[in-house]
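Under my numbering, the letters of the sequence shown match residues 1 to 71, in that order.
These notes concern the structure reproduced below.
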Amino acid sequence: MDEEVKNGLFAIGQKNLFEQFSIGHSFLNTLAKSPDGKVSVGKVTFEPGCRNNWHVHLDGFQILLVTAGQG
């Protein structure tokens with residue numbers, strides 16, 4: 001893995017603490033968070049074959065910007 005992928009602005013991030021909502025491994029890089037903690041922006045990376053299970057976000061909204069992959 002090259003240095004930019006590991007350490008750049010859009011780096012892969014740390015093991016996702018919400019991994020229980022997926023089958024396989026995912027990583028979360030938190031890019032920004034509001035002072036009150038109610039809004040955050042993050043980049044989630046899913047390993048090949050990882051699948052996100054159905055779930056809800058009870059405390060707000062989610063905007064997905066898909067940059068690669070299938071399905």
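Cβ atoms here follow ideal geometry from the backbone N, Cα and C, with glycine treated the same way.
Count the other C-beta atoms from every protein chain shown that fall within 10 angstroms of the C-beta of residue i, then say buried if there are 16 or more, exposed otherwise.
i: serine 34; result: exposed
i: asparagine 53; result: exposed
i: serine 26; result: buried
In terms of alpha-carbon separation, which member of the options lies closest to residue i?
i: glycine 42; options: Phe21, Glu19, Gly69 and Gln62; result: Gln62
i: phenylalanine 21; options: Gly60, Ala68, His55 and Gly49; result: His55
i: leucine 58; options: Lys38, Phe46, Leu64 and Ala32; result: Lys38
i: phenylalanine 10; options: Leu17, Glu19, Arg51 and Ala32; result: Ala32
i: proline 51; options: Thr67, Asn29 and Glu19; result: Note on identity: in this sequence residue 51 is arginine, with proline being the wrong assignment. Closest option to arginine 51, Cα to Cα, is Glu19.
i: glycine 60; options: Gln14, Ser40, Leu28 and Val66; result: Ser40
Report back the beta-carbon spacing between residue i and residue j to the nearest angstrom; my notes put them in contact at under 8 angstroms.
i: glycine 49; j: glycine 24; result: 6 angstroms
Next item on the list: Ignoring anything shorter than 4 residues or poking outside the stretch 13-62, list the alpha helix (DSSP H) runs there in chain order.
Entry: If we require 4 residues or more, the stretch 13-62 turns out to have no alpha helix (DSSP H) run fully inside it.
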